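J.: Heads up: the sequence shown is residues 30 to 386, going by the numbering used here.
Ideal Cβ positions, reconstructed from N, Cα and C, are used throughout, including at glycine.
For clarity, every value in this text was computed on a predicted model and none was experimentally measured.
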Amino acid sequence: MAAAFVFDRLIGPALRRLDPETAHGLTLRALGAGLAPRPREGDDPLLAQRLWGRDFANPLGLSAGFDKDAAVMAPMLGLGFGFVEVGSITPRPQPGNPRPRIFRLPEDGAVINRLGFNSGGLVQARARLQAFRNRPGGGLVGVNLGKNKDSASAGADYAEGAAALAPFADYLVVNVSSPNTPGLRALQGRGELEDLLGQVTSALPSPAPPLLLKIAPDLTDADKRDIAEVCLAQGVAGIVATNTTVQRPDGLRGDARGEAGGLSGQPLFGPSTAVLSELYSLTEGRLPLIGVGGVASGGDAYRKIRAGASLVQLYTALIYQGPNLVARIKRELARLLREDGFENITAAIGADHRYSG
Ligand SMILES: Cc1cc2nc3c(=O)[nH]c(=O)nc-3n(C[C@H](O)[C@H](O)[C@H](O)COP(=O)(O)O)c2cc1C
């Protein structure tokens, strides 16, 4: 309780008075210095599941963008996340877009960012991941791959990242859905995706970790059908749904709502869950899905799971609710599963599709 009090009353409000990127930098430094609270109560066995040959103690993960350069994996796992996704990592270091490039919309529980893949690059990330794997303790870490803004070949960039980081990743994500790199989201088209996945797959070492695709919420019905078909045909192991949206839903109140970039947080919950649910139907539940977008409570995580998610991730809610959110969501989720008579998490995945016809 003391840790919850300290964050909710002192640290959280102080951080939210700073520019968002400065606050994030301070948070990473504090985490790196070992100042993270450690509420590690053991996970409820109800939340455990085995996926892709890995044991997930709980289904709640940290989504990409928080730990872009694989700097704070151990402290974030220590907060109680079942897994952490680092990245997006680009092959060569690049600065991203000019600041300011992250904006809070507190009235909406939302954020707009146009970071544009600021990344320390592959070499740094590889060294950090290797050091992490050589330490005792460990934990599940997914690696999210991006491309450099000025690269001549997207396929070559993703293939290079996959080959370099596969040995240290519990899973890899090809991220073709960030809205802040020109041309990136066009890689979600059928032909482009087939080429891209073909190039990445042939660059993977053997044995290779599972390869996932991260998609945008702003897709046409035809796009979604194509994505499901291509993923199934090319042996993609799962889909992360979704990234931030370029839409601005009616009713946004935050002063920053007119800023360019990708919107995350509560207003994204509905659209991203709808895409997740559609992908579950289109893939007939044959691919594990990671549901992400606007998760801020155990109830939200539960809705993603019932809509078809095997795992759930969050980022934006952490900015507003702080680190105690992780334990809270897990507690609430276990209670909701029990109340509805599920003996384990696997039984609840996609439940809405079975009971609502
Ligand atoms: C500041 C910020 C940076 C992000 N950077 C990345 C990124 O590098 N790669 C990526 O795949 N997603 C990135 N995302 C998207 C998140 O991983 C997530 O898909 C999205 O924010 C929706 O989840 P949320 O509503 O819980 O934040 C970023 C999000 C935010 C807010």
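(1) Taking 9 Å as the CB-CB limit, is leucine 60 close to chain C?
(2) Contact check, glycine 171 vs phenylalanine 112 under 8 Å by CB: the rounded distance?
(3) Taking the straight line between their C-alpha atoms, what separation do you get for alanine 181 and aspartate 73?
(4) Is it buried or exposed for methionine 30, if we count other Cβ within 10 angstroms and need 16 for buried?
(5) Quick check: lysine 97 and glycine 61, are their CB atoms within less than 9 Å of each other?
(6) Contact defined as beta carbons within less than 8 Å: I believe leucine 91 pairs with tyrosine 331. What is the distance between those atoms, to the nearest angstrom?
(7) Ignore the nearest five residues each way along the sequence and tell me which others in glycine 283's own chain have a CB closer than 6 Å to its CB.
(8) Who are the Cβ neighbours of glycine 299 in its own chain at under 7 Å, not counting the five residues just before and after it?
(9) If we ignore side chains and look at the alpha-carbon of each, how far apart do glycine 184 and aspartate 224 end up?
(10) Please name the residue, chosen from Lys333, Ala160, Asn147, Leu365, that lies closest to asparagine 177 on a Cα-to-Cα basis.
(11) I'd like the list of long-range same chain contacts for alanine 188, defined as Cβ closer than 6 Å, with 5 residues on each side in sequence excluded.
(12) Please state the DSSP three-state secondary structure of leucine 233.
(13) Pick out whichever of Ser206, Ile358, Gly379, Leu64 has its Cα sitting closest to the Cα of leucine 76.
(14) When you compare each of Ala376, Ser339, Leu365 to tryptophan 81 by their alpha carbons, which one comes out closest?
(15) Is serine 148 helix, strand or coil by DSSP?
(16) Say whether the region 197-215 touches the region 233-250, bearing in mind that this needs 3 or more beta-carbon pairs closer than 8 Å, one atom from each stretch.
(17) With 16 other CB atoms within 10 Å as the buried threshold, where does glycine 386 fall?
(18) With a cut-off of 8 Å, do at least 3 Cβ pairs link the region 286-295 to the region 257-267?
(19) For glutamine 342, is the beta carbon positioned less than 8 Å from some heavy atom of ligand 1?
T.: Reading from the atomic positions:
(1) Looking for chain C here will not work: only one protein chain is present.
(2) Start at 1 with the first residue of the sequence shown, and residue 171 comes out as number 142. Start at 1 with the first residue of the sequence shown, and residue 112 comes out as number 83. With a Cβ gap of about 6 Å, glycine 171 and phenylalanine 112 count as contacting.
(3) One-based indexing of the sequence shown puts residue 181 at position 152. One-based indexing of the sequence shown puts residue 73 at position 44. Approximately 48 Å between the Cα atoms of the pair.
(4) Mapped onto the sequence shown, residue 30 falls at position 1. Residue placement at methionine 30 is poorly supported in this model, since its pLDDT is 48, which falls under 50; the coordinates are not used for a value here.
(5) Taking the first residue of the sequence shown as 1, we reach residue 97 at position 68. Taking the first residue of the sequence shown as 1, we reach residue 61 at position 32. Cβ atoms of lysine 97 and glycine 61: not closer than 9 Å.
(6) Residue numbering aside, residue 91 sits at position 62 when the sequence shown is read from its first letter. Residue numbering aside, residue 331 sits at position 302 when the sequence shown is read from its first letter. The pair is not a contact, with the Cβ atoms about 19 Å apart (cut-off 8 Å).
(7) Within the sequence shown, the letter at position 254 stands for residue 283. Cβ within range, chain order: Leu134, Glu136, Asp137.
(8) Along the sequence shown, one-based indexing puts residue 299 at 270. There are no such residues.
(9) Position 155 of the sequence shown, counted from the first residue, corresponds to residue 184. Position 195 of the sequence shown, counted from the first residue, corresponds to residue 224. Roughly 8 Å separates the two Cα atoms.
(10) For the purposes of this step, residue 177 is taken as residue 148 along the sequence shown, with counting starting at 1. For asparagine 177, the nearest C-alpha among the options comes from Asn147.
(11) What you label residue 188 is simply residue 159 of the sequence shown in a count that begins at 1. Around alanine 188: Gln228, Val229, Ala232.
(12) Counting from one through the sequence shown, the residue named residue 233 turns up at place 204. The answer is coil: DSSP assigns leucine 233 none of H, G, I, E or B.
(13) One-based indexing of the sequence shown puts residue 76 at position 47. Nearest C-alpha to leucine 76: Ile358.
(14) Along the sequence shown, one-based indexing puts residue 81 at 52. When only C-alpha atoms are compared, the closest one is Ser339.
(15) Sequence index remark: in the sequence shown, residue 148 carries index 119 (1-based). In this structure, serine 148 counts as strand in the three-state DSSP scheme.
(16) yes
(17) Within the sequence shown, the letter at position 357 stands for residue 386. Here glycine 386 scores only 46 on pLDDT, less than 50, and its place in the model is too uncertain to base an answer on.
(18) no
(19) On the sequence shown, position 313 is the one that residue 342 refers to. Glutamine 342: yes, Cβ under 8 Å from ligand 1.
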